[in-house]
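Student: Take a look at the following structure, please.
Number of protein chains: 2
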Amino acid sequence: MQVEVKVKNPYKVFINEGLNLNFKGKVAILTNPKIAGLHLKNLLEKIECEELFIISVKDGEEYKNLSTIEEILNQMCNSKLDRKSLLISFGGGVISDMGGFAASIYQRGIKFINIPTTLLACVDAAVGGKTGVNNHFGKNLIGTFYQPKAVYCESAFLRTLGQRELSAGLAEFIKMAIIFDANLLDFIEKIDAKNFLKAQCEDEIFIKIIAKSVELKAKIVSKDEKESGVRMLLNYGHTFAHIIENETHYKSYLHGEAVAIGMNMANHLSYELGLLSEEECERIKNLLQKFALPTYYKIENIHEFYQAFFLDKKSANHKIRFILPAPLGKGIIKEDVPKSILLKSLEHFI
Amino acid sequence: MQVEVKVKNPYKVFINEGLNLNFKGKVAILTNPKIAGLHLKNLLEKIECEELFIISVKDGEEYKNLSTIEEILNQMCNSKLDRKSLLISFGGGVISDMGGFAASIYQRGIKFINIPTTLLACVDAAVGGKTGVNNHFGKNLIGTFYQPKAVYCESAFLRTLGQRELSAGLAEFIKMAIIFDANLLDFIEKIDAKNFLKAQCEDEIFIKIIAKSVELKAKIVSKDEKESGVRMLLNYGHTFAHIIENETHYKSYLHGEAVAIGMNMANHLSYELGLLSEEECERIKNLLQKFALPTYYKIENIHEFYQAFFLDKKSANHKIRFILPAPLGKGIIKEDVPKSILLKSLEHFI
């Protein structure tokens, strides 16, 4: 199936539609050693172009930084890519974030395509044109809005994923359900967790998860490409998650795992504000735990944790913005949370 | 006077209109130690805002690289700038290129304003939204198209410039004359070089130079913001200049000086192709020399020099594109130059 993302330069997300690329000009594939070993042979059979280059960078969120970007740009220069060349990001969210960013600043911008190989990248990172890297101040603080020319999701790639990666991807789908569509929660609760976490569920399950996420995300991004309004809702759980990821130097949690904890934190805040019932909080916590996702993180220094909110990209003019479920199935942007209530909700995590 | 640049988000260039900024939110001024010492006091008297930060980075094209960008971004993070904050680039072309780039990738893009303090930045770098940095492969290979919200040119700043900086700025104006308007050549030839090079010419001379350049550039950029066509003409002299700057590690020549040599090289090529007469070549060479600009560079390795053309951003699909005057007052894009003729024209410089 195909989903169109109606931004200024519209593009399509192809889900299990097969992949055949014929490109006039040079192509560079950005990937990492693990993905390359598993799936590159398969991908190469489906690409025809004038000249091909493979750029392989270290795996993991802790390497999503400016120095890896410099390495990628140097390899692009060394391959003499020009403004008509194409970059393909072939990997998970880390690869698509960095590939999009590198493409957006190489010679002031060249074309790129995303071929996500993780569930998280399929349901979230590869679609919507947010690119970027982390620095020691925080997550994704450096980057651009830069849309791909196309995205190709293939469920076959997901069959080699480990349990943690599948859980992490599902976390972003649970996020979508909580802020946009409570019916999806029923669907998720019915998924056989054991099969799913071994990547042994039916293809239909993967396809429904990807298709629903992409449809919802495409709708939001089409309305608000540069996150000045409704797109902020997609940040549910992320305000907390980014701080956790930064405090743990991007080494302890996969992004989706941190988002799972972040959603539980946001729910506690929502509860303290009277926007969510205790039962609703429990329901989500149980759902996350059913899919082997963490829901707890020990905050060492509550003052530092609080200060870090001000570096969140949604914050402006000394105001912190939270995305909260109110109730399940509907996300709202809340910017007047009293400090005392925020701290009280964080005290569950000290 | 005011000139509008009619890009997607239009903005104005104010020339000697005075400067008074009142900004709700945080402001960071990016500058260098020399400019700050000369002019910052003056600027600060004209800015009101919620919170102010000064970021001062090393002076010179050889520091226009990703590591200085990282330093700037770290200082922006440390100052907790948010998406509603403003960055002001206060300096020459190096500062406006880097400030624009940093603004374009900080939190996926914040507002910026250019206040150029060199003639070159007034007539060229500060207007048009090209941002970027160099790497060891070449000049401006990394960057974005990202337009400022406004540009303020004040001739008062130019009074402290040294001779080389004034000459370098004039080189870009001579470029404009050669590709767009031969009448301007008559005007330039009549300028009293001695006074001009001591920054002792009348204000009217500065204003005419800036106004004419900005008008011409605004027209071109409005037609072709992202350089897919006519904007390439502004690269006259630059195809050669960028290689010279890179070979000399951005240390020997100011950008405008390298452009002067590059124009002379382009003219030699134009002559070899029968597009320019010997007299026209001589006329420009004399004009450049009248304003103390270099016109000769010794090419050490003609093969390496030739190979470097392929990393020029205008090159694509193995074709080098040259901007050539044909004749004076009219620039053309030429992409089928035989290698033998190109090498013959370069032999004047070995």
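Chain order of the listed sequences is A and B.
When you line the first sequence up against the numbering used here, it's residues 1 to 350, in that order.
When you line the second sequence up against the numbering used here, it's residues 1001 to 1350, in that order.
Glycine included, every Cβ here is placed at the ideal spot set by N, Cα and C.
Since the structure is predicted, the reported quantities are computational estimates derived from the model, not experimental observations.
#1: Return the chain-ordered list of same chain residues with a C-beta closer than 8 angstroms to the C-beta of R1321 of chain B, the five sequence neighbours on each side being excluded.
#2: So R231 of chain A contacts chain B; which residues on that side make the cut at Cβ distance below 8 angstroms?
#3: Am I right that S155 of chain A and F187 of chain A are in contact with their C-beta atoms under 8 angstroms? What's the rounded C-beta distance?
#4: Verify the CB distance criterion: does R1164 of chain B have a CB-CB separation below 8 angstroms to chain A?
#5: For the beta strand (DSSP E) that A1150 of chain B lies in, which residues bound it at each end?
#6: Answer yes or no: does any C-beta atom of chain A fall closer than 8 angstroms to that of L1073 of chain B?
#7: Can you list, in chain order, the residues of its chain with a C-beta nearer than 6 angstroms to that of I54 of chain A? Leave out the 5 residues immediately preceding and following it.
#8: For Y106 of chain A, which residues in chain B fall below 8 angstroms Cβ to Cβ?
#9: Rounded C-beta distance between L87 of chain A and K46 of chain A? I'm assuming under 8 angstroms.
#10: Against A316 of chain A, what residues of chain B qualify as contacts under a CB-to-CB distance less than 7 angstroms, listed in chain order?
#11: Taking only beta-carbon atoms, is K1285 of chain B less than 8 angstroms away from chain A?
#12: Given this structure, state the Cα-to-Cα distance separating T1031 of chain B from S1104 of chain B, to the nearest angstrom.
#13: Quick one, are the C-beta atoms of A126 of chain A and L197 of chain A less than 8 angstroms apart?
#14: Could you tell me the alpha carbon to alpha carbon distance between Q200 of chain A and I191 of chain A, rounded to whole angstroms?
#15: Are there three or more Cβ pairs, one per stretch, closer than 8 angstroms when the segment 1121–1138 of chain B is compared with the segment 1206–1226 of chain B?
#16: Please report the distance separating the alpha-carbon of C153 of chain A from that of H136 of chain A.
#17: Helix, strand or coil for S1056 of chain B, going by three-state DSSP, please let me know.
#18: Per DSSP, what are the beta-bridge partners of Q2 of chain A in this structure?
#19: What residue range does the alpha helix (DSSP H) around I1142 of chain B cover?
#20: Within 10 angstroms of the Cβ of D97 of chain A, are there 16 or more other Cβ atoms? Answer buried if so, exposed if not.
#21: To which residues does DSSP link N135 of chain A through a beta bridge?
#22: On the DSSP letters alone, give me the boundaries of the beta strand (DSSP E) that P1294 of chain B sits inside.
#23: Checking contacts by CB at 8 angstroms: is F1256 of chain B closer than that to chain A?
#24: Please name the residue in A:M76, A:F145 and A:K111 whose C-alpha comes closest to that of R1108 of chain B.
#25: Reducing DSSP to helix, strand and coil, say where E51 of chain A ends up.
#26: In the DSSP output, which residue or residues are listed as bridge partners for P1325 of chain B?
#27: Would you kindly work out how many angstroms separate the C-alpha atoms of E1294 of chain B and I142 of chain A, rounded to a whole number?
#28: Does L43 of chain A get closer than 8 angstroms to chain B when you measure Cβ to Cβ?
#29: Is it buried or exposed for E1204 of chain B, if we count other Cβ within 10 angstroms and need 16 for buried?
#30: Checking 8 angstroms against the spacing of the C-beta atoms, do G129 of chain A and N140 of chain A come in under that value?
#31: State the Cα-Cα distance for the pair K285 of chain A and D181 of chain A, rounded to the nearest angstrom.
#32: For the alpha helix (DSSP H) containing L1275 of chain B, name the first residue and the last one.
#33: For the structure I just gave you, are there three or more beta carbon pairs, one from the segment 67–80 of chain A and one from the segment 1071–1079 of chain B, closer than 8 angstroms?
#34: Out of A:L81, A:L44 and A:V151, which has the shortest C-alpha to C-alpha gap to M1 of chain A?
#35: Excluding five sequence neighbours on each side, which residues of the same chain lie with their C-beta closer than 8 angstroms to the C-beta of I302 of chain A?
#36: Is V3 of chain A near E215 of chain A, with beta carbons less than 8 angstroms apart?
Tutor: Reading from the atomic positions:
#1: Residue numbering aside, residue 1321 of chain B sits at position 321 when the second sequence is read from its first letter. Apart from the 5 residues on each side of it in sequence, R1321 of chain B sits with its Cβ closer than 8 angstroms to the Cβ of M1232, T1239, D1312, K1314, S1315, I1333, K1334 and E1335 in its chain, given in chain order.
#2: Mapped onto the first sequence, residue 231 of chain A falls at position 231. Simply none; closest approach about 11 angstroms.
#3: Here residue 155 of chain A is taken as the residue at index 155 of the first sequence, counted from 1. Here residue 187 of chain A is taken as the residue at index 187 of the first sequence, counted from 1. Not a contact, Cβ separation roughly 17 angstroms.
#4: Counted from its first residue, the second sequence places residue 1164 of chain B at position 164. So no, R1164 of chain B is outside the interface.
#5: Working through the second sequence from its first residue, we reach residue 1150 of chain B at position 150. For A1150 of chain B, the enclosing beta strand (DSSP E) stretches over residues A1150 to C1153.
#6: Numbered from its first residue, the second sequence carries residue 1073 of chain B at position 73. Residue contact with chain A for L1073 of chain B: present (Cβ-Cβ distance below 8 angstroms to some residue of chain A).
#7: Here residue 54 of chain A is taken as the residue at index 54 of the first sequence, counted from 1. The answer, listed in chain order, is I29.
#8: Mapped onto the first sequence, residue 106 of chain A falls at position 106. At a C-beta separation below 8 angstroms, Y106 of chain A has these neighbours in chain B: L1141 and I1142.
#9: Reading the first sequence from its first residue, position 87 is the one you call residue 87 of chain A. Reading the first sequence from its first residue, position 46 is the one you call residue 46 of chain A. With a beta-carbon spacing of about 17 angstroms, L87 of chain A and K46 of chain A fall beyond the 8 angstroms limit used to define contacts.
#10: Start at 1 with the first residue of the first sequence, and residue 316 of chain A comes out as number 316. Against chain B, the beta carbon of A316 of chain A has neighbours under 7 angstroms at D1082, R1083 and K1084, listed in chain order.
#11: One-based indexing of the second sequence puts residue 1285 of chain B at position 285. No - not a single Cβ of chain A is within 8 angstroms of the one on K1285 of chain B.
#12: Against the second sequence, residue 1031 of chain B aligns to sequence position 31. Against the second sequence, residue 1104 of chain B aligns to sequence position 104. Cα to Cα, T1031 of chain B sits roughly 17 angstroms from S1104 of chain B.
#13: For the purposes of this step, residue 126 of chain A is taken as residue 126 along the first sequence, with counting starting at 1. For the purposes of this step, residue 197 of chain A is taken as residue 197 along the first sequence, with counting starting at 1. Against a cut-off of 8 angstroms, the Cβ pair of L197 of chain A and A126 of chain A comes out as no contact.
#14: The count along the first sequence starts at 1 and reaches residue 200 of chain A at position 200. The count along the first sequence starts at 1 and reaches residue 191 of chain A at position 191. When rounded, the distance between both Cα atoms is 11 angstroms.
#15: Because the criterion of three Cβ pairs below 8 angstroms is met, the segment 1121–1138 of chain B and the segment 1206–1226 of chain B touch.
#16: Taking the first residue of the first sequence as position 1, residue 153 of chain A is located at position 153. Taking the first residue of the first sequence as position 1, residue 136 of chain A is located at position 136. The alpha-carbon separation between C153 of chain A and H136 of chain A amounts to approximately 32 angstroms.
#17: Numbered from its first residue, the second sequence carries residue 1056 of chain B at position 56. Strand, per DSSP.
#18: The sequence position of residue 2 of chain A within the first sequence is 2, counting from 1. In the DSSP secondary-structure assignment, Q2 of chain A is bridged to A:F14.
#19: For the purposes of this step, residue 1142 of chain B is taken as the residue at position 142 of the second sequence. Annotation: I1142 of chain B is outside any alpha helix (DSSP H); the continuous beta strand (DSSP E) that includes it extends over G1138 to I1142.
#20: Here residue 97 of chain A corresponds to residue number 97 of the first sequence, with the count starting at 1. Classification for D97 of chain A: buried.
#21: On the first sequence, position 135 is the one that residue 135 of chain A refers to. Under DSSP, the beta-bridge partners assigned to N135 of chain A are A:G138.
#22: For this step, residue 1294 of chain B is matched to residue 294 along the second sequence. Per DSSP, P1294 of chain B belongs to no beta strand (DSSP E) and is neither H nor E.
#23: Counted from its first residue, the second sequence places residue 1256 of chain B at position 256. Correcting the residue identity first, residue 1256 of chain B is Gly in this sequence and not Phe. The beta-carbon of G1256 of chain B is placed no less than 8 angstroms from the nearest beta-carbon of chain A.
#24: As a position in the second sequence, residue 1108 of chain B is number 108, starting the count at 1. The shortest Cα separation from R1108 of chain B among A:M76, A:F145 and A:K111 belongs to A:F145.
#25: On the first sequence, position 51 is the one that residue 51 of chain A refers to. Of the three classes helix, strand and coil, the one that applies to E51 of chain A here is strand, per DSSP.
#26: The sequence position of residue 1325 of chain B within the second sequence is 325, counting from 1. For P1325 of chain B, the pairing in a beta bridge is given by DSSP as B:G1331.
#27: Residue 1294 of chain B sits at position 294 when you count from the first residue of the second sequence. Residue 142 of chain A sits at position 142 when you count from the first residue of the first sequence. Before going on, a small fix: residue 1294 of chain B reads as Pro here, not Glu. Taking the Cα positions, P1294 of chain B is about 40 angstroms away from I142 of chain A.
#28: Counting from one through the first sequence, the residue named residue 43 of chain A turns up at place 43. No, no contact with chain B.
#29: Taking the first residue of the second sequence as position 1, residue 1204 of chain B is located at position 204. Answer is exposed; the Cβ neighbour count stays below 16.
#30: Locating residue 129 of chain A in the first sequence gives position 129, counting from the first residue. Locating residue 140 of chain A in the first sequence gives position 140, counting from the first residue. Cβ atoms of G129 of chain A and N140 of chain A: not closer than 8 angstroms.
#31: What you label residue 285 of chain A is simply residue 285 of the first sequence in a count that begins at 1. What you label residue 181 of chain A is simply residue 181 of the first sequence in a count that begins at 1. Going from the Cα of K285 of chain A to the Cα of D181 of chain A covers about 17 angstroms.
#32: As a first step, residue 1275 of chain B must be located in the second sequence, where it is residue number 275. It is not in any alpha helix (DSSP H) - L1275 of chain B carries neither H nor E in the DSSP assignment.
#33: With the cut-off at 8 angstroms, the segment 67–80 of chain A and the segment 1071–1079 of chain B do not touch.
#34: Here the question's residue 1 of chain A lines up with position 1 in the first sequence. Cα-wise, what sits closest to M1 of chain A is A:V151.
#35: Taking the first sequence and counting its residues from 1, the one referred to as residue 302 of chain A is at position 302. For I302 of chain A, where only same-chain residues beyond five positions count, the Cβ hits under 8 angstroms are L343, L346, E347 and I350.
#36: The sequence position of residue 3 of chain A within the first sequence is 3, counting from 1. The sequence position of residue 215 of chain A within the first sequence is 215, counting from 1. Going by C-beta atoms, V3 of chain A is nearer than 8 angstroms to E215 of chain A.
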